[in-house]
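Under this note's numbering, think of the first position of the sequence shown as 24, with each following residue one higher.
Note that beta-carbon positions come from the ideal geometry of N, C-alpha and C, so glycine has one too.
The structure presented is a predicted model; accordingly, all values stated were derived computationally and were not measured.
Remarks on the structure that follows.
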Amino acid sequence: MAKNERTKFITKDILKSSIIGSFQKLDPRYMIKNPVMFVVEIGFVITLVLTFFPTLFGGDAKYQLYNGIVTLILFITVLFANFAESVAEGRGKAQAASLKKTKQDTKARLLLANGQEKMINASELKKDDIVLVNAGEVIPNDGEVIEGVASVDESAITGESAPVTRESGGDFSSVTGGTTVVSDWLKIKIVAEPGKSFLDKMISLVEGAERQKTPNEIALNTLLIVLTLIFLIVVVTLHPFASYLGVEIPISWTIALMVCLIPTTIGGLLSAIGIAGMDRVTRFNVIAMSGKAVEACGDVDTMILDKTGTITYGNRLAAEFYPVKGVEKKDLVDYSVMSSLMDTTPEGKSTVDLGRQMGCALDESICSQMEFVEFTAQSKMSGVNLKDGTMVRKGAFEAMKTFARELGGVIPEDLEGIVTEVSNLGGTPLVVCVNNKILGVIYLKDTVKPGLVERFERLREIGIKTIMCTGDNPLTAATIAKEAGVDGFIAECKPEDKIDAIKKEQAEGKLVAMTGDGTNDAPALAQADVGLAMNSGTQAAKEAANMVDLDSDPTKILEVVEIGKQLLITRGSLTTFSIANDIAKYFAIIPAMFTMVLPQMQILNIMHLATPASAILSALIFNALIIPGLIPIAMKGVKYKPMKAERLLLRNMGIYGLGGIVVPFVGIKIIDLLVAPLLALIGM
């Protein structure tokens with residue numbers, strides 16, 4: 024589906040499928056899942072029978088036409104409720120259709136144990152099979168790259184045209200079935216069984232096939248059922264009460280009264296609100312594994328965020344060289360460049376670029392005289408060994424102190440001060456050492472992404488605490504945390520520290536969200552209430568999380584939480600509007616009806632509705648029309664503005680509470696002015 028199509032509220036195809044779905048959902052076996060609307064459907068069946076047999080239950084034949092009008096309105100009410108749900112589902116099914124186009128039965132180049140290749144259908148692949156995918160070929164199923172480096176076009180899933188690099192090892196080895204290799208080749212180990220790939224799950228989820236009601240939805244649904252039962256009892260007892268007083272109340276009036284009194288508005292929209300919430304997340308290129316995950320976003324109290332890539336750009340670049348006392352800056356620059364000529368990381372490249380800007384004449388021609396020593400997590404340093412035995416290293420402060428001391432060197436007195444100064448600036452200090460002599464420090468600067476300070480402030484306004492996790496030392500971490508505006512930080516953070524932080528927050532009764540992309544993030548993603556994994560990350564991370572970001576943007580968790588908040592606010596706002604609607608309808612119908620028994624009740628007929636018959640019919644028509652009127656709000660969601668819970672409640676009550684009372688009074692009165700003359704013509 025084209026991107027401009029994805030942003031539309033409803034397309035021609037969605038409208039067509041929604042109309043068809045509205046009628047298909049009339050099946051009582053489906054309707055019983057929504058007890059409120061099921062009661063309306065039963066009322067429709069009874070009034071339909073009374074339309075053809077008006078005296079069946081001892082009624083008067085003169086009400087036959089009125090029964091038919093009530094039947095039509097009840098039918099439209101049920102149809103509109105089904106239409107709301109069908110529109111929400113249709114948007115998901117439309118996206119699923121575009122995903123299914125990528126799920127074609129492609130051929131797979133299966134590598135056999137003897138080293139030969141065998142072409143088979145992708146559907147025949149089993150878990151742990153090894154396949155070879157060349158440029159221009161479609162990756163047949165989810166897998167992990169075990170050999171090769173290639174560009175992969177993931178636009179079929181992410182919607183983005185720019186290819187991404189996938190390679191063996193690290194956190195960028197995961198590939199998704201249905202994507203296309205556009206350069207080079209990849210050898211892939213299949214990690215999914217047939218029919219259980221990530222693409223299969225996406226299709227199933229966006230179609231709504233696996234959508235289960237969330238705890239809040241179940242609780243609200245239970246409340247609606249209880250209210251329906253209460254009003255059902257009230258309406259049923261109304262007939263013997265009227266008979267005792269010698270007043271005739273047609274059954275169609277009773278049914279219409281019941282439908283107006285029970286919470287049909289929110290009952291008809293509740294399922295659509297939940298489906299639309301998941302749909303908004305999906306259209307944001309995030310796949311939620313359940314409706315519960317989306318709803319949990321709205322209740323999040325604490326957010327655990329990685330510094331690199333989320334809060335900062337992550338490409339730490341050389342900004343300055345600080346020599347220790349007794350060392351010329353030129354020497355520090357030359358040896359820093361020398362140690363970085365074969366270092367392909369952003370840090371290494373930026374060190375070379377900065378050194379050349381400062382006059383260093385060393386170039387790649389001397390690389391043949393050096394042996395490159397790669398950085399490892401254990402050594403925390405990298406560098407080169409020259410042919411004459413000279414060792415040039417750059418690395419973390421503590422690691423370089425240990426390195427120099429082991430070689431008999433002396434730590435310069437001003438080194439720690441320089442390191443502290445760089446850390447206080449929010450940078451990362453890289454200490455440069457030649458053999459056992461420390462020359463100085465390279466200042467690597469990491470930049471906080473623009474706009475994050477304001478976004479963290481918005482989160483703080485709605486009571487969400489943000490905690491930054493980083494492998495940096497405490498001084499650097501504190502500086503970045505202050506600059507970004509987060510509420511707390513964990514320095515020198517290890518994977519187990521994230522789990523401990525999540526458990527600590529959860530022990531205090533808080534819901535926690537976090538992002539991750541590596542295998543070492545999987546335990547924490549599983550522990551968090553909302554775990555957002557990057558699509559570019561490992562299979563382990565995606566399986567542990569309950570959400571996957573197809574764009575692999577770690578900052579997206581901020582928007583996802585706001586979508587979750589919007590879902591809860593939309594449900595709360597429309598529930599408030601619905602209940603306020605019901606209160607207004609009570610004032611419209613009940614006084615008008617009881618004036619037949621007690622003329623003194625006319626004083627409560629503040630809307631001055633013409634007759635009991637017109638009052639009931641007007642309220643019933645309004646009840647039917649308000650459901651499609653609220654569908655756009657249910658689909659798009661109530662606009663979310665970060666604010667304190669107290670202000671949000673007052674705003675909600677002011678707009679949707681007061682509005683829910685005023686709109687029915689106006690609407691029912693206008694409808695009554697139109698309906699009353701028509702009823703007078705048919706003698707009602």
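Span of the alpha helix (DSSP H), counted from its first residue to its last, around residue i
{"i": "residue 69", "result": "58–75"}
{"i": "residue 379", "result": "369–380"}
{"i": "residue 398", "result": "Unbroken run through residue 398: none, as it is neither H nor E."}
{"i": "residue 9", "result": "This structure cannot speak to residue 9, because the chain is shown only from 24 to 707."}
{"i": "residue 132", "result": "Careful: residue 132 lies outside any alpha helix (DSSP H), inside the beta strand (DSSP E) at 130–134."}
{"i": "residue 703", "result": "681–704"}
{"i": "residue 301", "result": "287–306"}
{"i": "residue 8", "result": "Outside the shown range of the chain (24 to 707) lies residue 8, about which nothing can therefore be said."}
{"i": "residue 281", "result": "274–284"}
{"i": "residue 356", "result": "352–363"}
{"i": "residue 159", "result": "That residue, residue 159, is in no alpha helix (DSSP H); it is neither H nor E in DSSP."}
{"i": "residue 44", "result": "35–47"}
{"i": "residue 551", "result": "Here residue 551 belongs to no alpha helix (DSSP H), and DSSP marks it neither H nor E."}
Exposed unless 16 or more other CB atoms sit within 10 angstroms - verdict on residue i
{"i": "residue 626", "result": "exposed"}
{"i": "residue 17", "result": "This structure cannot settle anything about residue 17, because the visible part of the chain is limited to 24 through 707."}
{"i": "residue 436", "result": "exposed"}
{"i": "residue 108", "result": "buried"}
{"i": "residue 241", "result": "exposed"}
{"i": "residue 138", "result": "exposed"}
{"i": "residue 449", "result": "buried"}
{"i": "residue 85", "result": "exposed"}
{"i": "residue 303", "result": "buried"}
{"i": "residue 689", "result": "exposed"}
{"i": "residue 662", "result": "exposed"}
Own chain residues within Cβ distance below 8 Å of residue i, not counting five before or after
{"i": "residue 358", "result": "415, 455, 457 and 462"}
{"i": "residue 79", "result": "72 and 73"}
{"i": "residue 413", "result": "457 and 458"}
{"i": "residue 492", "result": "327, 328, 329, 330, 512, 513, 516, 520, 521 and 524"}
Same chain, Cβ closer than 7 Å to residue i, neighbours up to 5 away in sequence not counted
{"i": "residue 90", "result": "70, 73, 74, 77 and 275"}
{"i": "residue 28", "result": "Unreliable positioning characterises residue 28 in this predicted model, as indicated by a pLDDT of 41, which lies under 50. The coordinate reading is nonetheless provided below. Result list for residue 28: 34, in chain order."}
{"i": "residue 470", "result": "335 and 336"}
{"i": "residue 447", "result": "498 and 502"}
{"i": "residue 765", "result": "This structure leaves residue 765 out entirely; the chain is present only between 24 and 707."}
{"i": "residue 420", "result": "442, 452 and 454"}
Residue i (DSSP reduced to helix, strand or coil)
{"i": "residue 662", "result": "coil"}
{"i": "residue 406", "result": "strand"}
{"i": "residue 8", "result": "The structure shown does not extend to residue 8, since the chain is modelled only from 24 through 707, so no value can be given for it."}
{"i": "residue 15", "result": "No information on residue 15 is available, as it lies outside the stretch 24 to 707 that the chain covers here."}
{"i": "residue 496", "result": "coil"}
{"i": "residue 54", "result": "helix"}
{"i": "residue 477", "result": "helix"}
{"i": "residue 515", "result": "coil"}
{"i": "residue 188", "result": "strand"}
{"i": "residue 215", "result": "coil"}
{"i": "residue 220", "result": "coil"}
{"i": "residue 336", "result": "coil"}
{"i": "residue 461", "result": "strand"}
{"i": "residue 485", "result": "coil"}
{"i": "residue 568", "result": "coil"}
{"i": "residue 258", "result": "helix"}
{"i": "residue 323", "result": "coil"}
Residue i, enclosing beta strand (DSSP E) - first and last residue
{"i": "residue 390", "result": "Taken as a continuous stretch (DSSP letters only), residue 390 belongs to no beta strand (DSSP E), as it is neither H nor E."}
{"i": "residue 447", "result": "Element bounds for residue 447: not the beta strand (DSSP E) but the alpha helix (DSSP H), 438–447."}
{"i": "residue 416", "result": "414–418"}
{"i": "residue 346", "result": "340–346"}
{"i": "residue 166", "result": "166–170"}
{"i": "residue 384", "result": "No beta strand (DSSP E) contains residue 384, which DSSP labels as neither H nor E."}
{"i": "residue 452", "result": "451–457"}
{"i": "residue 311", "result": "309–311"}
Contacts around residue i, its chain only, beta-carbon distance under 6 Å, and the 5 residues preceding and following it disregarded
{"i": "residue 404", "result": "416, 418 and 422"}
{"i": "residue 248", "result": "58"}
{"i": "residue 157", "result": "208"}
{"i": "residue 45", "result": "102, 105, 106 and 109"}
{"i": "residue 12", "result": "No answer is possible for residue 12: it lies beyond the span of the chain, which begins at 24 and ends at 707."}
{"i": "residue 581", "result": "478"}
{"i": "residue 284", "result": "254"}
{"i": "residue 377", "result": "341"}
heavy atom of the ligand PLP below 8 Å from residue i C-beta
{"i": "residue 344", "result": "The ligand PLP is not part of this structure, which contains no ligands at all."}
Cutoff 9 Å: residue i Cβ touching any chain B Cβ
{"i": "residue 282", "result": "In the displayed structure, chain B is absent; only one protein chain is listed."}
Subject >> Runs of beta strand (DSSP E) lying entirely within the stretch 584–614, each at least 3 residues, in chain order >> reply: none
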